[in-house]
Amino acid sequence: MRDLVDDLPLIGAYFLLLGTSTAAVGISSTKIVSENFGRSLFAKGNAIEAFGNTIQAIGREKLYERAKKENENEIEKEYELTMMIGAWIQAAGNATNTFATNLEIEGMEKEGFRLNALGGIIQSIGAQIETTGALIEGTQLDKIEAYGNQLIGLGALIDSIANAALLRDKIILGKDLLLVGSWVQVFGSILIIYALRQKRSEDEKNQLEYRYGYYPNKQFEW
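No gaps in the numbering here: position 80 of the sequence shown is 129 in the numbering used here, and each next residue is one more.
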(Lines of atoms letter the chains of each structure in order from A and count residues from 1; the text may use other names and numbers.)
(Lines give C-alpha, C1' and ligand atoms only; values in the text may rest on other atoms or scores of the structure.)
Protein backbone atom coordinates (compact mmCIF):
# COMPACT_ATOMS: atom_id res chain seq x y z
CA MET A 1 0.00 0.00 0.00
CA ARG A 2 1.13 3.53 -0.77
CA ASP A 3 1.79 5.90 2.12
CA LEU A 4 2.88 9.51 2.58
CA VAL A 5 6.52 8.66 1.86
CA ASP A 6 5.59 7.53 -1.66
CA ASP A 7 3.95 10.89 -2.33
CA LEU A 8 6.71 13.14 -0.95
CA PRO A 9 8.43 13.55 -4.36
CA LEU A 10 5.11 14.63 -5.90
CA ILE A 11 4.31 16.97 -2.99
CA GLY A 12 7.77 18.50 -3.39
CA ALA A 13 7.15 18.91 -7.12
CA TYR A 14 4.01 20.96 -6.44
CA PHE A 15 6.09 23.27 -4.26
CA LEU A 16 8.63 23.45 -7.10
CA LEU A 17 5.90 24.61 -9.47
CA LEU A 18 4.68 27.17 -6.94
CA GLY A 19 8.23 28.40 -6.37
CA THR A 20 9.25 28.60 -10.03
CA SER A 21 5.97 30.35 -10.89
CA THR A 22 6.44 32.87 -8.08
CA ALA A 23 10.01 33.57 -9.19
CA ALA A 24 8.94 33.92 -12.83
CA VAL A 25 6.14 36.33 -11.94
CA GLY A 26 8.65 38.27 -9.86
CA ILE A 27 11.03 38.64 -12.80
CA SER A 28 8.13 39.58 -15.09
CA SER A 29 6.86 42.23 -12.66
CA THR A 30 10.13 44.16 -12.31
CA LYS A 31 9.18 46.31 -15.31
CA ILE A 32 5.50 46.55 -14.42
CA VAL A 33 5.58 47.21 -10.66
CA SER A 34 9.07 47.88 -9.28
CA GLU A 35 12.54 46.35 -9.22
CA ASN A 36 12.51 45.49 -5.52
CA PHE A 37 8.96 44.09 -5.63
CA GLY A 38 10.04 41.71 -8.38
CA ARG A 39 13.22 40.79 -6.53
CA SER A 40 11.23 40.09 -3.38
CA LEU A 41 8.97 37.68 -5.28
CA PHE A 42 12.01 36.07 -6.91
CA ALA A 43 13.61 35.52 -3.49
CA LYS A 44 10.38 34.07 -2.08
CA GLY A 45 10.02 31.83 -5.12
CA ASN A 46 13.50 30.40 -4.65
CA ALA A 47 12.83 29.85 -0.94
CA ILE A 48 9.70 27.87 -1.89
CA GLU A 49 11.74 25.91 -4.45
CA ALA A 50 14.34 25.12 -1.78
CA PHE A 51 11.54 23.82 0.46
CA GLY A 52 10.13 21.71 -2.38
CA ASN A 53 13.52 20.24 -3.23
CA THR A 54 14.09 19.47 0.45
CA ILE A 55 10.77 17.60 0.63
CA GLN A 56 11.74 15.64 -2.47
CA ALA A 57 15.19 14.86 -1.06
CA ILE A 58 13.73 13.61 2.23
CA GLY A 59 11.21 11.51 0.34
CA ARG A 60 13.89 10.01 -1.90
CA GLU A 61 16.07 9.26 1.13
CA LYS A 62 13.24 7.38 2.84
CA LEU A 63 12.40 5.51 -0.37
CA TYR A 64 16.08 4.59 -0.74
CA GLU A 65 16.18 3.27 2.84
CA ARG A 66 13.00 1.28 2.19
CA ALA A 67 14.47 -0.17 -1.01
CA LYS A 68 17.56 -1.31 0.91
CA LYS A 69 15.47 -2.80 3.69
CA GLU A 70 13.20 -4.68 1.29
CA ASN A 71 16.14 -5.81 -0.86
CA GLU A 72 14.86 -4.11 -4.00
CA ASN A 73 16.94 -4.41 -7.16
CA GLU A 74 20.06 -2.28 -7.54
CA ILE A 75 18.47 -0.12 -10.25
CA GLU A 76 15.71 1.02 -7.88
CA LYS A 77 18.23 1.86 -5.14
CA GLU A 78 20.50 3.72 -7.55
CA TYR A 79 17.51 5.68 -8.88
CA GLU A 80 16.39 6.87 -5.43
CA LEU A 81 19.93 7.66 -4.27
CA THR A 82 20.78 9.71 -7.37
CA MET A 83 17.49 11.63 -7.23
CA MET A 84 18.08 12.37 -3.53
CA ILE A 85 21.57 13.78 -4.14
CA GLY A 86 20.32 15.94 -7.01
CA ALA A 87 17.43 17.31 -4.95
CA TRP A 88 19.71 18.28 -2.04
CA ILE A 89 22.08 20.08 -4.41
CA GLN A 90 19.18 21.92 -6.04
CA ALA A 91 17.92 22.99 -2.62
CA ALA A 92 21.37 24.42 -1.86
CA GLY A 93 21.30 26.35 -5.14
CA ASN A 94 17.85 27.76 -4.39
CA ALA A 95 18.91 28.81 -0.89
CA THR A 96 21.94 30.59 -2.40
CA ASN A 97 19.67 32.42 -4.86
CA THR A 98 17.36 33.52 -2.04
CA PHE A 99 20.24 34.93 0.00
CA ALA A 100 21.79 36.57 -3.07
CA THR A 101 18.56 38.29 -4.12
CA ASN A 102 18.07 39.66 -0.61
CA LEU A 103 21.55 41.19 -0.93
CA GLU A 104 20.40 42.88 -4.14
CA ILE A 105 17.34 44.28 -2.35
CA GLU A 106 19.61 45.70 0.36
CA GLY A 107 21.64 47.52 -2.29
CA MET A 108 24.58 45.13 -2.62
CA GLU A 109 23.85 44.38 -6.26
CA LYS A 110 27.27 43.23 -7.44
CA GLU A 111 27.58 40.76 -4.55
CA GLY A 112 24.04 39.58 -5.23
CA PHE A 113 24.69 39.07 -8.94
CA ARG A 114 27.81 37.01 -8.19
CA LEU A 115 26.02 34.79 -5.68
CA ASN A 116 22.98 34.41 -7.94
CA ALA A 117 25.27 33.27 -10.75
CA LEU A 118 26.80 30.70 -8.37
CA GLY A 119 23.38 29.59 -7.14
CA GLY A 120 22.19 29.06 -10.70
CA ILE A 121 25.19 26.85 -11.46
CA ILE A 122 24.65 24.81 -8.28
CA GLN A 123 20.98 24.36 -9.11
CA SER A 124 21.82 23.38 -12.69
CA ILE A 125 24.25 20.70 -11.45
CA GLY A 126 21.61 19.30 -9.10
CA ALA A 127 19.01 19.20 -11.88
CA GLN A 128 21.45 17.42 -14.20
CA ILE A 129 22.11 14.78 -11.52
CA GLU A 130 18.34 14.28 -11.19
CA THR A 131 18.11 14.00 -14.97
CA THR A 132 20.68 11.20 -14.85
CA GLY A 133 18.77 9.54 -12.01
CA ALA A 134 15.43 9.72 -13.81
CA LEU A 135 16.91 7.93 -16.83
CA ILE A 136 18.22 4.98 -14.79
CA GLU A 137 14.97 3.00 -14.95
CA GLY A 138 14.30 4.12 -18.52
CA THR A 139 10.49 4.08 -18.74
CA GLN A 140 8.62 6.64 -20.84
CA LEU A 141 7.46 8.48 -17.71
CA ASP A 142 11.03 8.50 -16.40
CA LYS A 143 12.08 10.18 -19.64
CA ILE A 144 9.39 12.85 -19.23
CA GLU A 145 10.59 13.46 -15.66
CA ALA A 146 14.15 13.69 -17.00
CA TYR A 147 13.08 16.26 -19.61
CA GLY A 148 11.49 18.29 -16.82
CA ASN A 149 14.71 18.26 -14.82
CA GLN A 150 16.69 19.14 -17.94
CA LEU A 151 14.49 22.20 -18.45
CA ILE A 152 14.97 23.26 -14.83
CA GLY A 153 18.73 22.82 -15.21
CA LEU A 154 18.71 24.77 -18.48
CA GLY A 155 16.63 27.54 -16.94
CA ALA A 156 18.95 27.77 -13.94
CA LEU A 157 21.98 27.92 -16.24
CA ILE A 158 20.34 30.72 -18.26
CA ASP A 159 19.72 32.56 -14.97
CA SER A 160 23.40 32.17 -14.12
CA ILE A 161 24.45 33.59 -17.50
CA ALA A 162 21.97 36.43 -16.98
CA ASN A 163 23.57 37.39 -13.69
CA ALA A 164 27.01 37.27 -15.31
CA ALA A 165 25.67 39.71 -17.91
CA LEU A 166 24.28 41.98 -15.17
CA LEU A 167 27.72 41.97 -13.53
CA ARG A 168 29.12 43.36 -16.77
CA ASP A 169 26.42 46.07 -16.82
CA LYS A 170 24.59 44.44 -19.74
CA ILE A 171 21.29 45.22 -18.05
CA ILE A 172 18.82 44.64 -20.90
CA LEU A 173 20.43 41.33 -21.93
CA GLY A 174 20.63 40.18 -18.31
CA LYS A 175 16.98 40.93 -17.57
CA ASP A 176 15.78 39.32 -20.79
CA LEU A 177 17.75 36.16 -20.01
CA LEU A 178 16.38 36.09 -16.45
CA LEU A 179 12.86 36.23 -17.87
CA VAL A 180 13.52 33.35 -20.26
CA GLY A 181 15.32 31.23 -17.67
CA SER A 182 12.63 31.64 -15.03
CA TRP A 183 9.78 30.55 -17.33
CA VAL A 184 11.77 27.62 -18.71
CA GLN A 185 11.94 26.32 -15.13
CA VAL A 186 8.16 26.66 -14.78
CA PHE A 187 7.64 24.41 -17.81
CA GLY A 188 10.15 21.94 -16.40
CA SER A 189 8.23 21.76 -13.11
CA ILE A 190 4.99 21.07 -14.99
CA LEU A 191 6.58 18.11 -16.81
CA ILE A 192 7.89 16.67 -13.53
CA ILE A 193 4.44 16.90 -11.92
CA TYR A 194 2.83 15.23 -14.94
CA ALA A 195 5.32 12.35 -14.85
CA LEU A 196 5.02 11.80 -11.09
CA ARG A 197 1.20 11.95 -11.19
CA GLN A 198 1.10 9.36 -13.95
CA LYS A 199 3.53 7.15 -12.03
CA ARG A 200 1.30 7.35 -8.97
CA SER A 201 -1.76 6.41 -11.04
CA GLU A 202 0.07 3.41 -12.48
CA ASP A 203 1.21 2.29 -9.02
CA GLU A 204 -2.32 2.56 -7.63
CA LYS A 205 -3.70 0.59 -10.57
CA ASN A 206 -1.08 -2.14 -10.16
CA GLN A 207 -1.79 -2.39 -6.42
CA LEU A 208 -5.51 -2.80 -7.07
CA GLU A 209 -4.87 -5.49 -9.66
CA TYR A 210 -2.55 -7.31 -7.24
CA ARG A 211 -5.02 -6.98 -4.38
CA TYR A 212 -7.98 -8.36 -6.31
CA GLY A 213 -6.06 -10.84 -8.44
CA TYR A 214 -6.82 -9.11 -11.75
CA TYR A 215 -4.05 -9.46 -14.33
CA PRO A 216 -5.41 -8.42 -17.75
CA ASN A 217 -2.01 -8.71 -19.44
CA LYS A 218 -0.92 -11.97 -17.85
CA GLN A 219 -0.71 -15.06 -20.06
CA PHE A 220 -1.84 -18.19 -18.24
CA GLU A 221 -0.54 -21.60 -19.18
CA TRP A 222 -2.64 -24.70 -18.64
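Glycine included, C-beta positions come from ideal geometry on N, C-alpha and C. Source: prediction; values computed, not measured.
Legend entry - Cβ-Cβ distance between Gln234 and Ala96 below 9 Å: By 1-based counting over the sequence shown, the position of residue 234 is 185. By 1-based counting over the sequence shown, the position of residue 96 is 47. Not closer than 9 Å, so no.
Inset, instruction - Using only alpha-carbon positions, find the residue among Glu253, Thr103, Leu65 and Lys117 that is nearest to Gly197. - result: On the sequence shown, residue 197 is found 148 positions in, with the first residue counted as 1. Ranking the options by Cα distance to Gly197, first place goes to Leu65.
Inset, instruction - Check the C-beta distance from Gly142 over to Gln172 and give it rounded, since I have them as a contact under 8 Å. - result: For the purposes of this step, residue 142 is identified with residue 93 of the sequence shown, where counting begins at 1. For the purposes of this step, residue 172 is identified with residue 123 of the sequence shown, where counting begins at 1. Their Cβ separation, rounded to whole angstroms, is 3 Å, which keeps Gly142 and Gln172 in contact under 8 Å.
Legend entry - Under 9 Å between C-beta atoms of Leu67 and Gly101: By one-based count along the sequence shown, residue 67 stands at place 18. By one-based count along the sequence shown, residue 101 stands at place 52. In this structure, the beta-carbon distance from Leu67 to Gly101 falls below 9 Å.
Legend entry - Exposure label - Ser32; buried when at least 16 CB within 10 Å: Here the chain comprises residues numbered 50 to 271, so residue 32 is not present and cannot be evaluated.
Inset, instruction - Please list the segments of the alpha helix (DSSP H) lying wholly inside the region 116-159, counting only runs of 4 or more residues, in order along the chain. - result: DSSP runs (the alpha helix (DSSP H)) wholly in the region 116-159: 123-154.
Inset, instruction - Output the distance between the C-alpha atoms of Ile76 and Ile207, rounded to the nearest integer angstrom. - result: Counted from its first residue, the sequence shown places residue 76 at position 27. Counted from its first residue, the sequence shown places residue 207 at position 158. Those two C-alpha atoms are separated by around 13 Å.
Legend entry - Candidates Ile154, Ile201 and Gln189: closest to Gly169 by CA position: Here residue 169 corresponds to residue number 120 of the sequence shown, with the count starting at 1. Nearest neighbour of Gly169 by Cα position, chosen from Ile154, Ile201 and Gln189, turns out to be Ile201.
Legend entry - Alpha-carbon to alpha-carbon, Gly223 and Ser89: Along the sequence shown, one-based indexing puts residue 89 at 40. Along the sequence shown, one-based indexing puts residue 223 at 174. So the two alpha carbons sit approximately 18 Å from each other.
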